[in-house]
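Undergrad: In case it helps, this note's numbering puts the sequence shown at residues 1 to 362. Using N, Cα and C, we set each Cβ at its ideal position, and we do this for glycine too. Computed from a predicted structure; not experimentally measured.
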Amino acid sequence: MHMTNFLTSTLAQMSDPMRDVWLPEQSSTFAPIQDRLFMFVFWTSVVFFVLLMGAMFYFVFKYRRRPGVPQMRSPSHNTPLEITWTVLPMFLLVVMFVWGFKGYIYMLVQPAGSEQIVVAAQQWNWEFAYDNGARSIKLANVADKEVPVFPVPAGRPIKLLMSSRDVIHSFFVPTFRTKMDIFPNRYTTIWFEATDFDGENAPSGPDPNDPNPDPEFPRYRDHYLFCAEYCGEGHSQMAAVVRVVPESDYLVWKENAADIYKDKSPVQIGELVRTMKGCATCHTVDGSPGTGPTWLGIWGETHQFTNGSSAVVDENYIRESILDPGAKIRNGFPNQMVSYQGQLSEEEMNGLIAYIQSLGHE
Ligand code: CUA
């Protein structure tokens, strides 16, 4: 243990130029721990690679076959040599194991008093539900795509309780060094503590990389959330932004976000549901093609289905397509949508129908 503590504290003082080149910014309490171990394993491997390959090439050259020199018999074994090259590397591996195990335990055990957020993943969207019922309606534009933004408090442990509504996804925020698979019919958890506001690094304004600064938060840092498990066609676009803000700002926001539908018309509610529930991943509202049909101008149209039948787009058709998407598959589109049964309140369902109706008939 003393050995690892010594190594950890010594290495903490050292700056590693390769780390700064390769690894993303360190923005959680995990990041320095993981990076140190990672770079230790890396440099150990480099040293042994050079030593072993150097020795190999030297011997290959020195003992190469030459005409007139009789071939030597190889010794079958050498006990002192074999014990040395077994025991010495074992010490290094034990250091890596103890060090890694300590880090693993630290990441596994959720500190008391964590802020708990329930995360739902589905093809191909993220949803965060906060402990007072708040939900984020913020959006950010990442690589020409609208993705949800989830505020979290800085300097406080955050526990995520995660599950999937369809296939396996994976929660991955590189700058936090957090990664955890998300399964259907089962919860997985992960925790992290963002360090953006620690010490003199505290941001004094919005994230400099954010083209549309968030007026609700005077100071924040954004982090990309990716899905790290291949989950179908939209996997590469299954992204979101985790926005780290001071805890006081977070609490005010959470209070205001508790009732997002207050004073909203059904059409406005439908518009919010479209982005929050991930409809926007597949259904555009500007007529451009997506995985699913656009919503623009479909109201009142007659759609042809793969089973040969047809129907006029009305309230009942839209409701059925949301709850039982496979019932009527429009010609030219895959049967790919998952059911939203149990995921929408009546208010949200009616909002979606009103919103699609408001997009009109061409
Ligand atoms: Cu979800 Cu990949």
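Could you give the DSSP three-state label for H169: helix, strand or coil?
TA: Strand, per DSSP.
Undergrad: Just to confirm the assignment, what range does the alpha helix (DSSP H) spanning K62 have?
TA: Run containing K62: 30-62, per the alpha helix (DSSP H) assignment.
Undergrad: Tell me whether L359 sits in a helix, a strand or coil according to DSSP, three-state version.
TA: Coil, per DSSP.
Undergrad: When you compare the CB positions of V95 and F171, do they come within less than 9 Å of one another, or not?
TA: Not a contact, by the Cβ cut-off of 9 Å.
Undergrad: For the ligand CUA, I want to know if Q336 counts as a neighbour, meaning its beta carbon is within less than 8 Å of at least one of the ligand's heavy atoms.
TA: False, no ligand heavy atom lies under 8 Å from that Cβ.
Undergrad: Quick check for students: name the residue ranges of the beta strand (DSSP E) that lie wholly in the segment 258-306, counting only runs of 3 or more.
TA: Qualifying beta strand (DSSP E) stretches, in chain order: 302-304.
Undergrad: Using a 10 Å radius around the Cβ and a threshold of 16 neighbouring Cβ atoms, would you call F192 buried or exposed?
TA: Flag for F192 reads buried.
Undergrad: Could you tell me the boundaries of the alpha helix (DSSP H) in which K138 lies?
TA: That residue, K138, is in no alpha helix (DSSP H); it is neither H nor E in DSSP.
Undergrad: Would H77 be called buried (16 or more neighbouring beta carbons within 10 Å of its own) or exposed?
TA: Its Cβ having fewer than 16 others within 10 Å, H77 is exposed.
Undergrad: Using only the heavy atoms of the ligand CUA, determine whether one of them is closer than 8 Å to the beta carbon of H303.
TA: Not under cutoff, so the answer is no.
Undergrad: Under a three-way DSSP split, which group does R19 fall into?
TA: Helix, per DSSP.
Undergrad: Return the chain-ordered list of same chain residues with a C-beta closer than 7 Å to the C-beta of G103, the five sequence neighbours on each side being excluded.
TA: Excluding positions up to five away in sequence, the list reads I33, Q34, L37.
Undergrad: Less than 8 Å separating the Cβ of S170 from some heavy atom of the ligand CUA?
TA: Flag set: Cβ of S170 near the ligand CUA.
Undergrad: With a Cβ-Cβ cutoff of 9 Å, do A240 and P174 count as a contact?
TA: No, Cβ-Cβ distance for A240 and P174 is not below 9 Å.
Undergrad: Would DSSP call H77 helix, strand or coil?
TA: Coil at H77, not helix or strand.
Undergrad: Quick check on M349: does DSSP put it in helix, strand or coil?
TA: Three-state result, M349: helix.
Undergrad: Between which two residues does the alpha helix (DSSP H) harbouring V253 extend?
TA: Note on residue identity: the sequence assigns Trp, not Val, to residue 253. W253 -> alpha helix (DSSP H) spans 247-256.
Undergrad: With burial defined as no fewer than 16 other Cβ atoms inside 10 Å of the residue's Cβ, what is the status of A202: buried or exposed?
TA: It counts as exposed.
Undergrad: Going by C-alpha to C-alpha distance, which of G155, Q122, A228, G133 sits closest to S164?
TA: Comparing Cα-Cα distances from S164 to each of G155, Q122, A228, G133, the minimum goes to Q122.
Undergrad: Among all the DSSP beta bridges, which residues are the ones paired with A129?
TA: Paired residue(s): V118.
Undergrad: Please determine whether the Cβ atom of E229 lies at a distance below 8 Å from any heavy atom of the ligand CUA.
TA: Yes, since a heavy atom of the ligand CUA falls inside the 8 Å radius drawn around the Cβ of E229.
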